[in-house]
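For the sequence shown, our numbering assigns the number 33 to the initial residue and increments by one for each residue that follows. C-beta atoms are modelled at their ideal positions from N, C-alpha and C, and glycine is treated no differently.
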Amino acid sequence: MSNQTTQPIVFLDNIGRTIIAKTVTETDSTLVVRNPALVHVQPNPGTNQLQLQLLPLFFKEFLSDSNENSDWTFNKTSITKASALELVPQFVAQYEQLFAPSRPKGEPEVIKLFED
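Shown next, in the form of structure tokens:
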């Protein structure tokens, strides 16, 4: 059994969706991941370039505590796991931002630049 990794992993689920997540634990038969997100790539008709979207597998807004993590167990017989991928920092940062804790709402702190 392996421990949680700090770098996200990428795998395909049983219907071919690309998923990025962080490993919590892994056995011979299961892979438990934290905060999985679907990697969605589509053409941008305006620029003829590909557009990347990361969509959470389950929206944290539906959890009673939206700052909690969401762990999912996948049967290893129904996924294809990528090995030895080194993801670009921008992609990892976009994934990390998707699951960053919500900022508290309220009045921003007022900073005086000049004395009255």
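**Item:** Contact under 8 Å by Cβ, N67 with S102
**Value:** Result yes, Cβ atoms of N67 and S102 sit closer than 8 Å.
**Asked** So, are the CB atoms of N76 and Q83 less than 8 Å apart?
**Response** Yes, the pair counts as a contact, with Cβ atoms nearer than the cut-off.
**Cβ shell of K54 (< 8 Å), same chain only, five flanking positions each side left out** = Excluding positions up to five away in sequence, the list reads Q36, T37, T38, Q39, P40, I41, V65, R66, N67.
**Prompt:** Excluding sequence positions up to five away, which residues of its chain have a Cβ less than 6 Å from the Cβ of T105?
**Reply:** T62, V64
**Prompt:** Who are L145's beta bridge partners in DSSP?
**Reply:** DSSP, once it has assigned bridges, lists no residue as partnering L145.
**Request:** Count the other C-beta atoms from every protein chain shown that fall within 10 angstroms of the C-beta of A125, then say buried if there are 16 or more, exposed otherwise.
**Result:** exposed
**Coarse secondary structure for V120, derived from DSSP in three states** = coil
**Message:** Pop quiz: L87 and A69 are said to be a contact at Cβ under 8 Å. What is the actual Cβ separation, rounded to whole angstroms?
**Reply:** 6 Å
**Prompt:** Hey, how far is the Cα of A114 from the Cα of H72?
**Reply:** 17 Å
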